[in-house]
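Trainee: Below you'll find the structure I mean.
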Amino acid sequence: MIKRVTFRHKWLPYALLAPQLLITLVFFIWPASQALYQSVLQQDAFGLRVEFVGLDNFAYLFSDPYYLESFEITMVFSVAVAGLSLSFALLLAVMADRIIKGATTYKTLLIWPYAVAPAVAGVLWYFMFNPAVGINAWLLRTLFGYDWNHQIHGSDALMLVVIAAAWKQISYNFLFFLAGLQAIPRSLIEAAAIDGASPLKRFWTIIFPLLSPTTFFLLVVNIVYAFFDTFGTIHATTRGGPAGSTNTLVYKVFNDGFIGLDLGGSASQSVVLMAIVVMLTVVQFRYIERRVEY
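Listed below in structure tokens is the structure:
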């Protein structure tokens, strides 16, 4: 028997939906439509002269080696951030789920970093890896003989923003993984333990498959996070440098639009970025979700 919710007043459902629809319209639909409109235009820095150029902005993008390099950097950055944050969050969630004494304290401390703003997280890790005074840079130089310098070496700079962005997201992932672990019936795990299954085998054959809906949800969220929400971290640490080694797609949109004042080119980049994220989300729901057991 299917129960249906009924409202006494015909307009009540629309009134309840209105705030969310208004927010979506103002902060997504309207900016996205403006980006689509400006992506086919070319205008001067002051907006005094506008010319319709059709798809020329998009054609120029995919012939620009700097944009293609930014595209590759974004792919590496997104995969690294999502993989690192999900792996550490799952590890911490499994460990926190097994703690009995002081469990609330551990969980609270692990959730705290999520309250830190992306720019603050970037500055925090910037100082820890500062080649002159950073404790992490000193440890790398003293223990391993590695001369860390993210101000000169592009690989070091990319690793720095990956660590900062992943650290910021670990708390969010940890919260969902911990909730998923606590929802798994203990009887299943205890039965496997009685049958002689090792802790590692119990994790891979019982716990992790039952966490697949949570993992799939977090995978989508982390990919979107790496594409869009890491701008503050990059801007506070490397500003896309050195030599464009951390110039991701979202940062290049800002750099070309607000610094270079190429409004049409920046708008076309934002359209491409939006299309990439939509395509990745569709692929994830179309193919990866098939492996999810609900």
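With the first letter of the sequence shown counted as 1, position 229 gets the number 229 in this note's numbering; the numbers rise by one all the way through. C-beta atoms are modelled at their ideal positions from N, C-alpha and C, and glycine is treated no differently. What you are looking at is a predicted structure, and each value in this text was computed from that prediction instead of being measured.
(1) Going by DSSP in three states, Val-50 sits in which element: helix, strand or coil?
(2) Three-state secondary structure (DSSP) at Leu-200?
(3) Locate the beta strand (DSSP E) running through Gln-43, then write down its first and last residues.
(4) When you compare the CB positions of Leu-263 and Gln-38, do they come within less than 8 Å of one another, or not?
(5) Is the CB-CB distance between Leu-181 and Ala-275 below 8 Å?
(6) Note down, in chain order, each residue of its chain lying with its Cβ closer than 6 Å to the Cβ of Lys-321, except the 5 sequence neighbours on either side.
(7) Leaving aside the five residues before and after Thr-184 along the sequence, list all residues of the same chain whose C-beta is less than 7 Å from its C-beta, in chain order.
(8) Confirm, please, whether the CB-CB distance from Leu-280 to Ile-234 is below 8 Å.
(9) Measure the CB-CB distance between Ala-119 and Ala-236 and report whether it falls below 8 Å.
(10) Provide the residue span of the alpha helix (DSSP H) that contains Pro-65, from first to last.
(11) Do Leu-90 and Phe-177 count as a contact pair if the criterion is CB distance below 8 Å?
(12) Find out if the Cβ-Cβ distance for the pair Leu-218, Leu-124 is shorter than 8 Å.
(13) Taking just the CA atoms, how far does Tyr-172 sit from Phe-71?
(14) Helix, strand or coil, according to DSSP, for Thr-6 in the structure here?
(15) Let's test the definition: count the other Cβ atoms within 10 Å of the Cβ of Gly-196 and tell me whether it reaches 16, buried, or not, exposed.
(16) Suppose you measure from the CA of Lys-168 to the CA of Ala-121; what does that come to, to the nearest Å?
Mentor: Quick look at the numbers:
(1) strand
(2) helix
(3) 41 to 43
(4) yes
(5) no
(6) Coverage of the chain is limited to positions 1 through 294, which leaves residue 321 absent and any answer about it impossible.
(7) Residue identity check: residue 184 is Ile in the sequence provided, not Thr. The answer, listed in chain order, is Ile-207, Leu-210.
(8) no
(9) yes
(10) 65 to 98
(11) yes
(12) no
(13) 26 Å
(14) coil
(15) exposed
(16) 7 Å
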